[in-house]
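Asker: Using numbering that gives the first Met the number 0, the letters of the sequence shown correspond one by one to residues 0 to 474. Where is the CB? At the ideal position from N, CA and C, for every residue including glycine. Okay, handing you the structure first.
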Amino acid sequence: MLLPKKGLNPKQLFNFFQETEKADTKWNSGKLFGYVFDPTEKYRKFPEKILLKYYHKSGLDFTVFPSLLKIEQEIIDFSIRHLNGDENCCGSFTSGGTESILLAVKTARDYTLSKKNIKEPEILLPITAHPAFHKAARYFGLKTKLISLNKDLKVNLQELEQSINQNTIMIVGSAPSYTYGILDPIPDMAQIAKKYGLFFHVDACMGGFFLPFLKKLNIAIPNFDFSIEGVSSISMDFHKFAYAPKGSSVILYRNKEIRKYQIFSCANWIGYTMINPTIQSTKSGGPLAATYATLMLIGEDGYIKLIKKKLEALKKIQNFIKNHKDLTLISEHPIPLLAFTSNTINIFHIVDEMNLKGWYIQPVLSYENFKESIHLTINYSNVSRIDEFLIDLEASIEKAKQLPSNTLLEKLKSFMDQIQKNQINIENLVQEVIKKLEMKPNELPKRFAPINEFLNILPIELREQILLEYVNFIL
Ligand SMILES: *Cc1c(COP(=O)(O)O)cnc(C)c1O
């Protein structure tokens, strides 16, 4: 792009955005099972107004904008009550689950290293732990050790305990984990953490907000919050099932002695003294204020209404899958995260076919002995479209049956030999894939099934490298 010599008028400019966004899935159509949590217009409009009203205020310095400090304290106070914390608990508002998790890991590291002499700190992650923990480990120079699951898809506690060594600083549990929507046995994990004096983070990015409402509906949910001794910190997102606009999460700690290690303070430059509780420095006050607006606008009765509707929708989809001869439901539970697979159909084609009909459902690659699957996160805007969704899903399944599989794999046969012999040059391979699929920079493929089928049979490390090279190519 070139900067126009003379600025354009807003009308011309608006056309540009309208044209460009034609490529996007319609975010407020109720047809996305993921990425967008839309409470529909009734609960979206007012927070949008507040988002804009506070957008230009900077959270860099709350002495200039004390309202941001007050609003943050209110949100933290709510969060602590919501998760059964006591008067010693504390926390910070962040830009999202990833920032909350990065901070938790950094805090766990620095808190632990202030007490113990550990050369190569290591964190224990169930294979269901969110990639943000791997990101934190890579950013902050920590080792990771993965822990496998039992048949019930919860972390294997024996393996967890046996994996602890003198370098271990932290263990992580999810409430629930994203893909299958299953809660780890947090009370048992907390016991292990206590026994060995380890920092224990509960990732409740997804569940922290809505699980307490399920309890209010008398649905049995295992404990996962600060009521359990041994839980050191909890992350909870508002930009998911709390329906706040994006850029909204909290990281909470058992006490300020721990939280101290999160805060960055720097006077070692020629300039004003910099004190950042979180990762961002300049940050908009918009998401914070809009989160407060969303919580207060929807209220307890509103959230209970939304979750009830989601559970009805969930049940409908679960029943459809259970009664379908080609589909298998991976886990049945009253949590609006669902995954299913198939022993007879190429699920990657189902995803593409649904995409052509304007839906977004998420393909998940195979992992160890877990088969590839499709994940759905059911949010309130999906509720009114479930019947239509199931009709299109059935049609997509029928269509998928007729499509050829492994078209890209056939074309890459010569490379597969090299992969097997471990002599692969990743850059060459990616170039070959790009050529075979006739892809261009800044252009996305129309169908992802050929790529997904290919990635699906590769070792994890190769997948990571190939995707990295590919993204480096297209961006
Ligand atoms: C969404 C999510 C995260 C990461 O949050 P972002 O807001 O996408 O950065 C972490 N853990 C779980 C379980 C999540 O669902």
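Go ahead and pull the three-state DSSP assignment for K30.
Answerer: For this step, residue 30 is matched to residue 31 along the sequence shown. Correct three-state label for K30: coil.
Asker: With 16 as the cutoff for other CB atoms within 10 Å, does V432 come out buried or exposed?
Answerer: Position 433 of the sequence shown holds residue 432. V432 comes out buried.
Asker: Is there contact between the stretch 104-122 and the stretch 133-153, where contact requires at least three CB pairs shorter than 8 Å?
Answerer: Counting Cβ pairs under 8 Å, three or more are found: they touch.
Asker: Is the closest heavy atom of ligand 1 to the C-beta of Y469 under 7 Å?
Answerer: Position 470 of the sequence shown holds residue 469. The answer is no for Y469.
Asker: Is G95 near ligand 1, judged by its Cβ being under 7 Å from some heavy atom?
Answerer: To locate residue 95, count along the sequence shown from 1; it is residue 96. Because some heavy atom of ligand 1 lies under 7 Å away, the Cβ of G95 counts as near it: yes.
Asker: For ligand 1, I want to know if D391 counts as a neighbour, meaning its beta carbon is within less than 7 Å of at least one of the ligand's heavy atoms.
Answerer: In the sequence shown, residue 391 corresponds to position 392, counting from 1. No, the Cβ of D391 stays beyond 7 Å of every heavy atom of ligand 1.
Asker: Just the C-alpha distance for T532 and A192, rounded to the nearest angstrom, thanks.
Answerer: Residue 532 lies beyond the stretch modelled for the chain, which goes from 0 to 474, so this question has no answer here.
Asker: Consider the C-beta atom of I126 and the heavy atoms of ligand 1; say whether any pair is separated by less than 7 Å.
Answerer: Residue mapping note: residue 126 aligns to position 127 of the sequence shown, counting from 1. I126 Cβ: outside cutoff for every heavy atom of ligand 1.
Asker: Once the 5 residues before and after E367 are set aside, which same chain residues still bring their CB inside 8 Å of it?
Answerer: Residue numbering aside, residue 367 sits at position 368 when the sequence shown is read from its first letter. Setting aside the 5 residues that flank it on each side, E367 is surrounded in the same chain by I126 and S147, each with a C-beta closer than 8 Å to its C-beta; the list follows chain order.
Asker: So for H81, helix, strand or coil by DSSP?
Answerer: Here residue 81 refers to the residue found at position 82 when the sequence shown is read from its first residue. Correct three-state label for H81: helix.
Asker: Quick check on P362: does DSSP put it in helix, strand or coil?
Answerer: Position 363 of the sequence shown, counting from 1, holds the residue named residue 362. When secondary structure is reduced to three states using DSSP, P362 falls in the strand class.
Asker: Does ligand 1 have even one heavy atom less than 7 Å from the beta-carbon of H332?
Answerer: On the sequence shown, position 333 is the one that residue 332 refers to. No, the beta carbon of H332 sits no closer than 7 Å to any heavy atom of ligand 1.
Asker: Which one of K48, L31, L12 and R137 has the shortest CA to CA distance from E387?
Answerer: What you label residue 387 is simply residue 388 of the sequence shown in a count that begins at 1. Taking only the C-alpha atoms, the option nearest E387 is L31.
Asker: Just checking C265 against ligand 1 - is the residue's beta carbon closer than 7 Å to any of the ligand's heavy atoms?
Answerer: Taking the first residue of the sequence shown as 1, we reach residue 265 at position 266. It does not: the Cβ of C265 is nowhere closer than 7 Å to a heavy atom of ligand 1.
Asker: Beta-carbon within less than 7 Å of F45's beta-carbon, same chain only, minus the 5 sequence neighbours each way: which residues are those?
Answerer: Mapped onto the sequence shown, residue 45 falls at position 46. Correct list, in chain order: A292 and L296.
Asker: Taking D187 as the reference, which of A219, E228, P211 and I181 has the closest Cα?
Answerer: As a first step, residue 187 must be located in the sequence shown, where it is residue number 188. Measuring from the Cα of D187, the nearest candidate turns out to be E228.
Asker: Give every residue of the same chain whose Cβ lies closer than 6 Å to the Cβ of I163, excluding the five residues on either side of it in the sequence, and list them in chain order.
Answerer: Position 164 of the sequence shown holds residue 163. So the list reads Y195, once near-sequence residues are dropped.
Asker: Distance, Cα to Cα, L220 vs Q361?
Answerer: As a working note, residue 220 is residue 221 in the sequence shown. As a working note, residue 361 is residue 362 in the sequence shown. Strictly speaking, residue 220 in this sequence is Ile, with Leu absent from that position. Cα to Cα, I220 sits roughly 26 Å from Q361.
Asker: Nearer than 7 Å: is that true of the beta carbon of H55 relative to any heavy atom of ligand 1?
Answerer: Start at 1 with the first residue of the sequence shown, and residue 55 comes out as number 56. No; taking the cut-off as 7 Å, the Cβ of H55 has no heavy atom of ligand 1 nearer than that.
Asker: Compute the Euclidean distance between the alpha carbons of I168 and L467, then round it to the nearest angstrom.
Answerer: Your numbering for residue 168 matches position 169 in the sequence shown. Your numbering for residue 467 matches position 468 in the sequence shown. Taking the straight line from one Cα to the other gives about 29 Å.
Asker: Check whether the stretch 100-119 touches the stretch 323-331, taking contact to mean three or more Cβ pairs, one atom from each stretch, closer than 8 Å.
Answerer: no
Asker: Could you work out which residue in L355, L313 and N318 is closest to L336 when comparing CA atoms only?
Answerer: As a first step, residue 336 must be located in the sequence shown, where it is residue number 337. For L336, the nearest C-alpha among the options comes from L313.
Asker: May I have the straight-line CA-CA distance separating T406 from I450, to the nearest angstrom?
Answerer: Translated into the one-based positions of the sequence shown, residue 406 becomes position 407. Translated into the one-based positions of the sequence shown, residue 450 becomes position 451. Roughly 9 Å separates the two Cα atoms.
Asker: Out of curiosity, what's the CA-to-CA distance linking P283 and C89?
Answerer: Here residue 283 corresponds to residue number 284 of the sequence shown, with the count starting at 1. Here residue 89 corresponds to residue number 90 of the sequence shown, with the count starting at 1. According to the sequence provided, residue 283 is Ser. The question's Pro does not apply to it. The straight-line gap from Cα to Cα measures roughly 22 Å.
Asker: Alpha helix (DSSP H) containing V429: first to last residue?
Answerer: Counted from its first residue, the sequence shown places residue 429 at position 430. Element bounds for V429: I425 to K435.
Asker: For P65, count neighbouring Cβ atoms within 10 angstroms of its own Cβ and tell me buried if that reaches 16, exposed if not.
Answerer: Translated into positions along the sequence shown, residue 65 becomes position 66. Label assigned to P65: exposed.
Asker: Can you tell me whether K25 is helix, strand or coil according to DSSP?
Answerer: Counted from its first residue, the sequence shown places residue 25 at position 26. Here K25 sits in coil by DSSP.
Asker: Across the stretch 11-21 and the stretch 224-241, are there enough close Cβ pairs to call them in contact, namely three or more that are closer than 8 Å?
Answerer: no
Asker: What distance in whole Å lies between the Cβ atoms of S248 and G84, which are believed to be in contact at a cut-off of 8 Å?
Answerer: Sequence index remark: in the sequence shown, residue 84 carries index 85 (1-based). Sequence index remark: in the sequence shown, residue 248 carries index 249 (1-based). That pair is no contact at about 16 Å.
Asker: Evaluate contact between the stretch 386-404 and the stretch 50-66, counting only Cβ atoms and requiring at least three cross-stretch pairs below 8 Å.
Answerer: no
Asker: Would you mind sorting V470 into buried or exposed? The rule is 16 or more other CB atoms within 10 Å of its CB.
Answerer: Position 471 of the sequence shown, counted from the start, is the residue given in the question as residue 470. It is exposed - the Cβ of V470 has fewer than 16 other Cβ atoms within 10 Å.
Asker: What is the rounded straight-line gap between the Cα of I373 and the Cα of D37?
Answerer: Numbered from 1 along the sequence shown, position 374 holds the residue referred to as residue 373. Numbered from 1 along the sequence shown, position 38 holds the residue referred to as residue 37. C-alpha separation (whole angstroms): 21 Å.
Asker: Just checking A107 against ligand 1 - is the residue's beta carbon closer than 7 Å to any of the ligand's heavy atoms?
Answerer: Stepping through the sequence shown from its first residue, residue 107 is reached at position 108. Not so, every heavy atom of ligand 1 lies at least 7 Å from the Cβ.
Asker: Flag this pair as touching only if the stretch 47-56 and the stretch 269-287 have three or more C-beta atom pairs under 8 Å; answer yes or no.
Answerer: yes
Asker: Can you tell me which of K435, P175, I385 and Y179 puts its alpha carbon nearest to the alpha carbon of L364?
Answerer: As a working note, residue 364 is residue 365 in the sequence shown. Closest by alpha carbon: Y179.
Asker: Identify every residue that forms a DSSP beta bridge with C265.
Answerer: Start at 1 with the first residue of the sequence shown, and residue 265 comes out as number 266. Answer is M273.
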